[in-house]
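One line per chain: the protein sequences are A and B, in this order. Numbering of the first sequence is given in this note's numbering, commencing with residue 1 and proceeding in unit increments. Numbering of the second sequence is given in this note's numbering, commencing with residue 1001 and proceeding in unit increments. Written below as structure tokens is the structure these notes are about.
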Amino acid sequence: MSELLSYLGIVSLCICLLVSLAQIKISYLKSKVNYINYFNLSLIQFVSCLLSFLILIYIFITSDFNFSLVYQNSHTEKPMIYKLSGSWGNHEGSLLMWILILTIFNFMFASMSKANIRLTEITIGVQSFLILGFLLFLLLTSNPFSLLSESPNEGLGLNPILQDPFLAIHPPILYLGYVGFSLIFSLAIAGLLLNNIDKNWASIAKKWTLSAWVLLTAGIGLGSYWAYNELGWGGYWFWDPVENASLMPWLAGTALIHCVSILEKRNTLQSWTVLLSILTFALSLIGTFLVRSGILNSVHAFASDPSRGLFILAFLLIVLIASLFIFARKGPFLDKEIKYHLLSRETGILVNNWLFLTILFIVFLGTVYPIFTDIVLNENITVGSKYYIFSITPIIFLFIFAMIITPFLNWSTNNYKILIQKIYKPTLLSVMLIFSISLYFDKLSITEISLLILSSILIMANLNSNILFKNNSFYLTSNIGRALTHAGFALLIISIIANASYAKEKITQAKVDDKIIVGNYDFIFSSISQEKEKNYHKIIANFEMQQHSGTLKKLSPEIRFYNNPPTITSETSIARMLFRDIYIVMNVPENQEFINVRIHIKPFMNFIWVSILMMMIGGLFSISYRIKNS
Amino acid sequence: MREPVKQRIIKLLIGASIIFVAVLIIIFNLRDNLIYFYSPTDLVEINLNNNQEIRVGGLVADNSLKYEENSSIYRFVITDEKNIINVEYRGILPNLFAENKGVVVEGIYSGANNIIANKVLAKHDENYMPPEVIDALQKEGKWQGE
């Protein structure tokens, strides 16, 4: 049975490989047989990959330890959801999922494309080239269906730190985002080859860019939520290379969305848009390379095998050199120059693009420099998070400033009078509001106060001019998507500042019946107990959180002792309240009468998650508006 | 519709100098915030300024872990089997922290082979050894793994 499944899995991948070759071939043939068209072929690509992926899931669910992959990453005692997520929680499985998502986008584009037939065919040809490359990578270096000569009775298990519901869905969503940008890349290369980058191209590209952006945002948000819940450090972003690897395509992709807007409305900046499309996908590939090659020695790096790293690097170089070669030959002749006033919306968006690229440069340098010194100078260094904070903060000022004024500027002409009329009320209101707040919250620095004022103006100006109140009911303007996303970004900045300046932390040891005081709260350590679960046993400490002698919440952090692989983890216990999170982690030292406890009070945590949601919902509004009007 | 050449050159020069200054600021900022990794022996051999932020890795020495109850401070010694450094840490030790196992700490070097740690880096499982620690032990020929 296992032999048959292994055979089937590999054969269906080979079918996909052959069909991808056919796809590349027909993308530059003029005459073709009726039924061999890009749509049917893309359907076969999708179905054959799906079949292979379903086999992978099946062998994980049934814990078939004849497969070396299942043996290394699963265990019979594991709950079903983690057996399932275990199938993509490893290198081979995640790569197969990456390819499946490539074929999904390929198929969706083939069935939904409104572009002319040549543009569609070549886009799918380029996309099939990417599928081909990754299939070769999978089959040559990381076969997920390789069998063991002897069948063990039990697997080695999945790292318990990865056994979390949010981490189960984080990789699929993140990959949907990464791979979504592959389609824009293919579309850009096809447009270049056909000299066909215009308003029409932009309106097709914009929908796909927005979709990929929403998914990538969700993926990054989920990853951050997981780190906050599971790692027990009380933080949600660590400027870890793996996090940066997902932030870089996000920054380039966000710049791309804005740039595509100019192309769509004004039919200019053709070559710049194409270059950003290439850059965004290249950064997605670099992200995969950094994470999957094991070149980073960071908290996330679980995979390591140099041959794989070299393959991805070679593939990345082929894709980059080929696309830049095409770009160099065709790109410079695409541009249609137009004139616009210095104080116009075009300028605003270009400024925004440059700021995005500056942040991208900062993040890239901080991520890659330690790898460079490690390889070239054999020096082991880490980049402190202060580097990112000090470098990025000044740019955020300019950034929010540009975000406030640009949407109120006209295309091509100057109309500063309307701008002033639109923003003077939010400005006055924000200045008064933030100043009165800062009298009460006296820890805030001048930098923070000014950032808060700017963010507050951004929120008010956006909501004020896009949610209208007429005849006793609310109306949303067609720009509500953009307004929500921008307001969400401002709320994120506000929440980050509040969270950083007013967080409290207490580290102490505690015996049963001890009382710990943090801020306005008392924590009574009421009892300690033990429980046995399916694949681990745990020690639970029970705390009562009190304010003015009334019990508000019960908190129970845990220590888990996993059997397979033998690992100890600390589970946080978090009380989520509107304006603050109370976050407790503990551990049990050997041969001691007490436990160690760390209690955090983290203001505005919920608002961080809400602001990310707002940005995503804004993106969804923009997509649905476009679908309705096309 | 092309602008005169002179105007284009001026624009390019302004752009280039802004980029140059920005890159310079970023690189200096990066240099100021780099955290170097040292083994205990490295620390003996070089003269490090006090109050510098560094990382140190090695094995936790046998019988060195002490806990001061009234100040909640842990003290332990990191060794590469040749030289040692004393660590002072106020916080929660990771679950898999143990004597004779590998560890990496990040903190402020306070002179005379002392470091006040603000992070003790967690390991993922029993078998994991931070790559820096392997390097540090290999240098002294004390590495016994594969």
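Glycine is no exception: its CB is placed at the ideal position from the N, C-alpha and C atoms.
Test: residue i CB closer than 8 Å to a CB of chain B
i, result
"Ser-298 of chain A", "Note that Ser-298 of chain A scores 41 on pLDDT, short of 50, meaning its location in the model is unreliable; the coordinates nonetheless yield the value given after this. Chain B, which has no Cβ nearer than 8 Å to the Cβ of Ser-298 of chain A, makes this no."
"Ile-559 of chain A", "yes"
"Ser-667 of chain A", "The requested residue 667 of chain A is not part of the displayed model; chain A covers only 1 to 630."
"Arg-598 of chain A", "yes"
"Tyr-369 of chain A", "yes"
"Gly-366 of chain A", "yes"
"Gln-270 of chain A", "no"
"Thr-447 of chain A", "no"
"Ser-570 of chain A", "yes"
"Ile-539 of chain A", "no"
CB contact below 8 Å: residue i versus chain A
i, result
"Asp-1125 of chain B", "Reliability of the predicted coordinates at Asp-1125 of chain B is poor, the pLDDT of 46 falling under 50, and no value is obtained from them."
"Leu-1012 of chain B", "no"
"Ala-1112 of chain B", "no"
"Ser-1072 of chain B", "yes"
"Gly-1147 of chain B", "Nothing can be reported for residue 1147 of chain B: it is not among the residues displayed for chain B, which extend from 1001 to 1146."
"Gly-1091 of chain B", "yes"
"Tyr-1036 of chain B", "yes"
"Ile-1026 of chain B", "yes"
"Phe-1020 of chain B", "no"
"Leu-1048 of chain B", "no"
"Glu-1053 of chain B", "yes"
"Leu-1043 of chain B", "no"
"Asn-1033 of chain B", "yes"
Contact set for residue i: own chain, Cβ-Cβ below 8 Å, skip 5 residues either direction
i, result
"Leu-18 of chain A", "none"
"Ile-83 of chain A", "Ile is not the amino acid found at residue 83 of chain A; the sequence shown has Lys there. The residues are Phe-60, Ile-61, Ser-63, Ser-74."
"Leu-139 of chain A", "Ile-10, Leu-13, Cys-14, Leu-17"
"Phe-325 of chain A", "none"
"Val-299 of chain A", "Any reading at Val-299 of chain A is ruled out, since the residue's pLDDT is 37, under 50, leaving its predicted position unreliable."
Contact under 8 Å by Cβ, residue i with residue j
i, j, result
"Ala-541 of chain A", "Ile-601 of chain A", "no"
"Asn-1095 of chain B", "Ser-570 of chain A", "yes"
"Phe-107 of chain A", "Thr-123 of chain A", "no"
"Ile-59 of chain A", "Val-47 of chain A", "no"
"Lys-265 of chain A", "Trp-411 of chain A", "yes"
"Asn-1083 of chain B", "Thr-1041 of chain B", "yes"
"Ala-483 of chain A", "Lys-422 of chain A", "no"
"Ile-516 of chain A", "Gly-221 of chain A", "no"
"Ile-1054 of chain B", "Ile-1078 of chain B", "no"
"Ile-337 of chain A", "Thr-413 of chain A", "This sequence places Glu at residue 337 of chain A; Ile is not what is there. No, the Cβ-Cβ distance between Glu-337 of chain A and Thr-413 of chain A is not below 8 Å."
"Arg-598 of chain A", "Ile-539 of chain A", "no"
"Ser-128 of chain A", "Gln-23 of chain A", "yes"
"Pro-603 of chain A", "Phe-579 of chain A", "yes"
"Ile-494 of chain A", "Leu-452 of chain A", "yes"
Option in the options with minimal Cα separation from residue i
i, options, result
"Leu-429 of chain A", "A:Phe-325, A:Ser-455, A:Phe-408", "A:Ser-455"
"Ile-99 of chain A", "A:Ile-122, A:Ala-115, A:Gln-45, A:Asn-196", "A:Gln-45"
"Val-512 of chain A", "A:Ile-595, A:Glu-531, A:Ser-495", "A:Ile-595"
"Gly-384 of chain A", "B:Ile-1010, B:Val-1056, B:Asn-1033, B:Asn-1070", "B:Asn-1033"
"Leu-552 of chain A", "A:Glu-264, A:Tyr-228, A:Gly-234, A:Met-577", "A:Met-577"
"Phe-523 of chain A", "A:Phe-408, A:Ile-507, A:Phe-543, A:Ile-338", "A:Phe-543"
"Tyr-175 of chain A", "A:Asn-195, A:Phe-166, A:Ser-246, A:Ala-188", "A:Ser-246"
"Asp-1080 of chain B", "B:Ala-1061, B:Val-1087, B:Glu-1069", "B:Ala-1061"
"Ala-449 of chain A", "A:Glu-150, A:Leu-215, A:Gly-89, A:Ser-501", "According to the sequence displayed, residue 449 of chain A carries Ile and not Ala. Measuring from the Cα of Ile-449 of chain A, the nearest candidate turns out to be A:Ser-501."
"Asn-466 of chain A", "A:Leu-458, A:Leu-476, A:Asn-472, A:Ile-457", "A:Leu-476"
"Asn-641 of chain A", "A:Asn-563, A:Phe-397, A:Ser-224, A:Ile-528", "Outside the shown range of chain A (1 to 630) lies residue 641 of chain A, about which nothing can therefore be said."
"Trp-213 of chain A", "A:Ile-81, A:Phe-281, A:Phe-67, A:Lys-25", "A:Phe-281"
"Leu-1178 of chain B", "A:Trp-226, A:Phe-361, A:Arg-626, A:Ile-457", "No information on residue 1178 of chain B is available, as it lies outside the stretch 1001 to 1146 that chain B covers here."
Close Cβ partners of residue i (< 7 Å) along its chain, the five nearest in sequence each way excluded
i, result
"Gln-1007 of chain B", "none"
"Ala-218 of chain A", "Ile-173, Met-616"
"Ser-142 of chain A", "His-91, Glu-92, Leu-95, Arg-308"
"Leu-419 of chain A", "Ile-405, Phe-408, Leu-409"
"Leu-276 of chain A", "Ala-252, Ala-255, Leu-256, Cys-259"
"Leu-8 of chain A", "Ile-55"
"Gly-287 of chain A", "Tyr-178, Ala-245, Ser-246, Met-248, Pro-249"
Chain-ordered chain D contacts of residue i [CB-CB under 7 Å]
i, result
"Phe-1076 of chain B", "No chain D is present in this structure, whose protein chains are A and B."
Own chain, CB closer than 6 Å to residue i, minus 5 neighbours either side, in chain order
i, result
"Leu-279 of chain A", "Ala-252"
"Ser-113 of chain A", "Thr-120"
"Trp-208 of chain A", "Leu-183, Ile-184"
"Tyr-387 of chain A", "Gly-366"
Any non-hydrogen atom of the ligand PLP within 7 Å of residue i CB
i, result
"Arg-292 of chain A", "Here there are no bound small molecules, and the ligand PLP is not part of this structure."
Report the residue ranges of all beta strand (DSSP E) runs contained in full by the region 370-421 of chain A; include only those spanning at least 3 residues, in chain order.
If only uninterrupted beta strand (DSSP E) runs of at least 3 residues are considered, those enclosed by the region 370-421 of chain A are 381-383.
Pick out the complete beta strand (DSSP E) segments inside the region 158-214 of chain A, 3 residues or longer, and give them in chain order.
none
Continuous alpha helix (DSSP H) assignments of at least 4 residues falling wholly in the region 105-141 of chain A
117-141
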